[in-house]
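One structure is given here, and the rest of the page talks about it.
Protein chains: 2
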Amino acid sequence: MEHKFKRGPAMRDVAAAAGVSAQTVSRVLSDHPNVQEATRRRVMEAVEELGYRRNNTARALVTGQSKTIGVLTLATNYYSRSSLALGVELAAREAGYTVNSVTSSLSVQALTDAVSRLVLQGVDGIIIAAPLQEAASKVRQLTARIPTVNTDGSSGVGDGLVGVDQDVAAVLATKHLLNLGHKTVWHVAGPRDWSDAAIRMESWRRTLAEAGCEIPPELRGDWSPESGYRNGLILGRMPEVTAILVASDEMAFGVIRALSELGRRIPEDVSVVGIDDIDLAAYSNPPLTTIRQSFEDTGRRAVLHLLAQIADPDMENLPELVEPTLVVRASTAPPPAG
Amino acid sequence: MEHKFKRGPAMRDVAAAAGVSAQTVSRVLSDHPNVQEATRRRVMEAVEELGYRRNNTARALVTGQSKTIGVLTLATNYYSRSSLALGVELAAREAGYTVNSVTSSLSVQALTDAVSRLVLQGVDGIIIAAPLQEAASKVRQLTARIPTVNTDGSSGVGDGLVGVDQDVAAVLATKHLLNLGHKTVWHVAGPRDWSDAAIRMESWRRTLAEAGCEIPPELRGDWSPESGYRNGLILGRMPEVTAILVASDEMAFGVIRALSELGRRIPEDVSVVGIDDIDLAAYSNPPLTTIRQSFEDTGRRAVLHLLAQIADPDMENLPELVEPTLVVRASTAPPPAG
DNA sequence: GGACAATCTGTTATGGATAACAAGCATAAG
DNA sequence: CTTATGCTTGTTATCCATAACAGATTGTCC
Chain A
0 MEHKFKRGPA MRDVAAAAGV SAQTVSRVLS DHPNVQEATR RRVMEAVEEL
50 GYRRNNTARA LVTGQSKTIG VLTLATNYYS RSSLALGVEL AAREAGYTVN
100 SVTSSLSVQA LTDAVSRLVL QGVDGIIIAA PLQEAASKVR QLTARIPTVN
150 TDGSSGVGDG LVGVDQDVAA VLATKHLLNL GHKTVWHVAG PRDWSDAAIR
200 MESWRRTLAE AGCEIPPELR GDWSPESGYR NGLILGRMPE VTAILVASDE
250 MAFGVIRALS ELGRRIPEDV SVVGIDDIDL AAYSNPPLTT IRQSFEDTGR
300 RAVLHLLAQI ADPDMENLPE LVEPTLVVRA STAPPPAG
Chain B
0 MEHKFKRGPA MRDVAAAAGV SAQTVSRVLS DHPNVQEATR RRVMEAVEEL
50 GYRRNNTARA LVTGQSKTIG VLTLATNYYS RSSLALGVEL AAREAGYTVN
100 SVTSSLSVQA LTDAVSRLVL QGVDGIIIAA PLQEAASKVR QLTARIPTVN
150 TDGSSGVGDG LVGVDQDVAA VLATKHLLNL GHKTVWHVAG PRDWSDAAIR
200 MESWRRTLAE AGCEIPPELR GDWSPESGYR NGLILGRMPE VTAILVASDE
250 MAFGVIRALS ELGRRIPEDV SVVGIDDIDL AAYSNPPLTT IRQSFEDTGR
300 RAVLHLLAQI ADPDMENLPE LVEPTLVVRA STAPPPAG
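Top line first, the protein sequences correspond to chains A and B.
Residue 0 is where the first sequence starts when you use numbering that gives the first Met the number 0, and the numbers rise one by one after that.
Residue 0 is where the second sequence starts when you use numbering that gives the first Met the number 0, and the numbers rise one by one after that.
See the structure below:
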């Protein structure tokens, strides 16, 4: 029996059908100028008739360009990850590129493996949306021959960096709470490995220090709503806590849930600020005051930065940071009187 | 100046360095059995020394297998999309495949373009996580030579279908509400284009009919929290509404928000059930009763199904549906007395 | 008319790997 | 000792498209 999924016709078949050489077919399909109209038509007809589609693998081999961008994200399902991936895909498509995605855990082994897969896959450039930390040097070795952009700050020297200014994010949020009259602001931080999380924490601390406020010990989450919940159960038991900056909206949902269960009203008793402005933030109960940073936009800009680097490998490769904005909703208010 | 990103060494370079033929290098790297240990070692040393990495593009060209799976999702950022994509990536990786992702809008043009890109990219198989509707026939034409799996029911004949049994989902949810004593259940449905949404609605209706309940007119959303909110503002104004089945958790968040704003308490005045069980569902206010369906698992199963098809193109290609489960949380309760 | 440019098309080499075949050699079997 | 067998390695053809070069044709200008 004949195989169900077989290879399609090749360029030479089209050439034969149209009575021209393969090179001419190639020229027609690549919109080269010097092809006679009659020939072009004949070729196109043959293409139609045979249902021919150009083999991009062969193209990639001979041109050395796969027109593919690799994206490395973490194997989690947080809003930021998917949102960024979406931005990458959209921008890549507009530029005529497709996207190869790989995911990884945070271990050095997993990260280097993941990058390795992308390199082997022959991508033209790589976007790394994960904190590399100790994996940084090994990864840099792997990507030595390929343009690379990072979206988490830790990447360090040598690679492109595109993202949102996390310092501004934390400062905006902390100041918002202080301006409302809170004595100080507590913080549920993100995981240690993330430099975005580290920067937010540092900036929160600095802002408090500059305002002459007491600096409470920070609590740690792992970006999950559940970790927010756990930390919320602790914070809710301390009457002196009136303002909390949570390092992500998803954790903030958990914090709010825990506070509610402990009978602390939001924002009357406790104000909560998140970071990210995920789609659901406006529809939490109460709606969440947060810092808007568009991951989709970050993804887009990462692609553009990468393409620029692909086009001109010797370009100046400066970090590119965007300013986030404060979105005030109902989860923040002045502290309770007394 | 030398180019910064140049091509790496080829197999023949390794061969030369090790004093063997390219074919032997290929054998070593493909773990062929009949290679002498000494030779193998020499080759591996040369590989190490030159930092050689096998060129998958060339491999794909000659073997006709790219070890790549294509995934088509919609260009939205809902939980289901990213969750499924994650499952696909994980399962693909375990099987030694990488993932090529494309997104699309719902138009026929966009859908066929997207599939086209995947085909051109030379993927070994395609997972379509979008409702095709009128695009179905054109898409089927494009994928004639490539194994394909769909995860939204509309796909119809000829392709693999993997997903969650949406009928069961809607029945579970509706019955849960009826069992609590509600006279009937209102429904905020998903968009028309989605057969998953259509099935949920049909099953909701049937369940009500079988129970002899009045069937209220359905309301329509587009999966967004915002659309849930809009519909919630309508439902909240009708005192007779005591139970609502919302076709997705994200819309349910919007519905709950709207009801709260209108002063209707959940679950005391109105019960709300969602579908999906997204991570945040357990941390909404109140926690959301919902139907759990693992998109990640659907993604995984889609990959396995696809790989089976790739391995044996003539296999029987039956639909594969998984049963969802009801997760009862605090957003549902018996109707208010009187 | 002849030289030269511009246009159109074809030929050959190339990219990097693998499949299929062939050959050398050592060992086993008869 | 010879033939058969298996192991190890090399040679050649192939996958499909494009780049670089070359040939043919037409047109242009002096």
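Note that beta-carbon positions come from the ideal geometry of N, C-alpha and C, so glycine has one too.
As the structure is a computational prediction, the values presented were derived from the model and not from experiment.
Taking only three categories from DSSP, how would you classify residue 16 of chain A? Residue numbering aside, residue 16 of chain A sits at position 17 when the first sequence is read from its first letter. Note: residue 16 of chain A maps to helix in three-state DSSP.
On the criterion of 16 or more Cβ atoms from any shown chain inside 10 Å, does residue 110 of chain A qualify as buried, or is it exposed? Locating residue 110 of chain A in the first sequence gives position 111, where the first residue counts as 1. So residue 110 of chain A ends up on the buried side.
Quick check: the region 268-278 of chain A against the region 234-252 of chain A, are at least 3 beta-carbon pairs closer than 8 Å? Output reads yes: the region 268-278 of chain A touches the region 234-252 of chain A.
Does the beta carbon of residue 88 of chain B sit closer than 7 Å to a beta carbon anywhere in chain A? To locate residue 88 of chain B, count along the second sequence from 1; it is residue 89. Against chain A, the CB of residue 88 of chain B has a partner CB under 7 Å away; the residue lies at that interface.
In chain B, what lies closer than 7 Å to residue 120 of chain A by C-beta? On the first sequence, residue 120 of chain A is found 121 positions in, with the first residue counted as 1. What residue 120 of chain A touches in chain B: 55, 97.
Any C-beta of chain B under 7 Å from that of residue 62 of chain A: Indexing the first sequence from 1 puts residue 62 of chain A at position 63. Not an interface residue.
Assign residue 178 of chain A to one of three DSSP states: helix, strand, or coil. The count along the first sequence starts at 1 and reaches residue 178 of chain A at position 179. Taken through DSSP and simplified to helix, strand or coil, residue 178 of chain A comes out as helix.
Which listed residue (A:186, A:21, A:29, A:100) has its alpha carbon closest to that of residue 68 of chain A: In the first sequence, the residue the question calls residue 68 of chain A occupies position 69. Minimum Cα distance to residue 68 of chain A is reached at A:100.
Counterpart residues of residue 193 of chain B in DSSP-defined beta bridges: Counting from 1 along the second sequence, the entry for residue 193 of chain B is found at position 194. For residue 193 of chain B, DSSP assigns no beta-bridge partner whatsoever.
Would you say residue 82 of chain B lies against chain A (beta-carbon separation less than 7 Å)? Looking up residue 82 of chain B in the second sequence gives position 83. By this cut-off, residue 82 of chain B is an interface position.
Reference residue 243 of chain B; option with closest CA among B:134, B:16, B:188: Counting from 1 along the second sequence, the entry for residue 243 of chain B is found at position 244. Looking only at B:134, B:16, B:188, the smallest Cα-Cα distance to residue 243 of chain B is reached by B:188.
Nearest neighbour of residue 158 of chain B, chosen from B:335, B:326, B:329, B:318 [CA to CA]: On the second sequence, position 159 is the one that residue 158 of chain B refers to. Ranking B:335, B:326, B:329, B:318 by Cα distance to residue 158 of chain B puts B:318 first.
Using the C-alpha atoms, what's the distance from residue 246 of chain A back to residue 202 of chain A? Walking along the first sequence from the start, residue 202 of chain A turns up at place 203. Walking along the first sequence from the start, residue 246 of chain A turns up at place 247. Computed Cα separation, rounded: 12 Å.
Classify residue 166 of chain B: buried if its beta carbon has 16 or more other beta carbons within 10 angstroms, exposed otherwise. The residue you call residue 166 of chain B lines up with position 167 of the second sequence. When all chains shown are included, residue 166 of chain B counts as buried.
Kindly say whether residue 162 of chain B, judged by its beta-carbon, lies nearer than 7 Å to any beta-carbon of chain A. Stepping through the second sequence from its first residue, residue 162 of chain B is reached at position 163. Closer than 7 Å: no.
Look up residue 186 of chain A in the DSSP assignment and say whether it is helix, strand or coil. If you number the first sequence from 1, residue 186 of chain A lands on position 187. Three-state result, residue 186 of chain A: strand.
Okay, do the region 69-79 of chain B and the region 58-72 of chain A touch, 3+ Cβ pairs below 8 Å being the bar? No: the two stretches stay apart, fewer than three of their Cβ pairs being nearer than 8 Å.
So residue 346 of chain B and residue 254 of chain B are in contact, right, with Cβ under 8 Å, and what is the actual spacing, rounded? Because chain B spans 0 through 337 in this model, residue 346 of chain B falls outside it and cannot be assessed.
Cβ neighbours of residue 329 of chain B in the same chain (closer than 6 Å, five flanking residues each side left out): The count along the second sequence starts at 1 and reaches residue 329 of chain B at position 330. Only 285, 286 meet the Cβ criterion.
As assigned by DSSP and simplified to three states, the class of residue 67 of chain A: To locate residue 67 of chain A, count along the first sequence from 1; it is residue 68. Under the three-state reduction of DSSP output, residue 67 of chain A falls in the strand class.
Taking residue 114 of chain B as the reference, give the member of B:81, B:249, B:149, B:322 with the closest Cα. As a working mapping, residue 114 of chain B is identified with position 115 in the second sequence. It is B:149.
Taking 7 Å as the cut-off, decide whether the C-beta atoms of residue 295 of chain A and residue 85 of chain A are in contact. Position 296 of the first sequence, counted from the first residue, corresponds to residue 295 of chain A. Position 86 of the first sequence, counted from the first residue, corresponds to residue 85 of chain A. Judged by beta-carbon spacing, residue 85 of chain A lies within the 7 Å limit of residue 295 of chain A, meaning their Cβ atoms are closer than that value.
Inspect the CB distances between the region 120-127 of chain B and the region 117-132 of chain A and report whether three or more fall short of 8 Å. No, the region 120-127 of chain B does not touch the region 117-132 of chain A.
Look at the alpha carbon of residue 54 of chain A and the alpha carbon of residue 11 of chain B, and state the distance between them as a whole number of angstroms. By one-based count along the first sequence, residue 54 of chain A stands at place 55. By one-based count along the second sequence, residue 11 of chain B stands at place 12. Taking the CA atoms as reference points, residue 54 of chain A sits about 25 Å from residue 11 of chain B.
Indicate whether the contact test is met: 3 or more Cβ pairs, each with one atom in the region 181-199 of chain B and one in the region 213-232 of chain B, closer than 8 Å. In the pairwise beta carbon analysis, the region 181-199 of chain B is classified as touching the region 213-232 of chain B: at least three pairs are separated by under 8 Å.
Compile a chain-ordered list of the residues in the region 260-284 of chain A whose CB is closer than 8 Å to at least one CB of chain B. Of all residues in the region 260-284 of chain A, only 278, 279, 281, 282, 283, 284 come within less than 8 Å of chain B when Cβ atoms are compared, listed by chain position.
Locate the beta strand (DSSP E) running through residue 128 of chain A, then write down its first and last residues. Stepping through the first sequence from its first residue, residue 128 of chain A is reached at position 129. Counting along the chain, the unbroken beta strand (DSSP E) around residue 128 of chain A starts and ends at 124-128.
Which chain B residues sit within Cβ distance under 8 Å of residue 136 of chain A? Against the first sequence, residue 136 of chain A aligns to sequence position 137. Going along chain B, no residue has its Cβ under 8 Å from residue 136 of chain A, so there is no contact; the nearest lies around 15 Å.
Taking all protein chains shown into account, decide if residue 20 of chain B is buried (16 or more other Cβ within 10 angstroms of its Cβ) or exposed. As a working mapping, residue 20 of chain B is identified with position 21 in the second sequence. That one is exposed.
Using 7 Å as the threshold, is the C-beta distance between residue 90 of chain B and residue 321 of chain B below it? Residue numbering aside, residue 90 of chain B sits at position 91 when the second sequence is read from its first letter. Residue numbering aside, residue 321 of chain B sits at position 322 when the second sequence is read from its first letter. One thing to note: residue 90 of chain B has its Cβ no nearer than 7 Å to the Cβ of residue 321 of chain B.
Kindly identify the DSSP beta-bridge partner or partners of residue 273 of chain A. Here residue 273 of chain A is taken as the residue at index 274 of the first sequence, counted from 1. According to DSSP, which records beta bridges pairwise, residue 273 of chain A is partnered with A:289.
Use the C-beta contact count for residue 62 of chain B: other C-beta atoms within 10 angstroms, 16 or more gives buried, fewer gives exposed. Translated into the one-based positions of the second sequence, residue 62 of chain B becomes position 63. When all chains shown are included, residue 62 of chain B counts as exposed.
Going by DSSP, what residue range makes up the alpha helix (DSSP H) through residue 261 of chain A? Numbered from 1 along the first sequence, position 262 holds the residue referred to as residue 261 of chain A. Counting along the chain, residue 261 of chain A falls outside any alpha helix (DSSP H), and DSSP gives it neither H nor E.
Tell me which same chain residues have a C-beta within less than 6 Å of the C-beta of residue 327 of chain B, skipping the five on either side of it? Counted from its first residue, the second sequence places residue 327 of chain B at position 328. Within the same chain, residue 327 of chain B has close Cβ partners 288.
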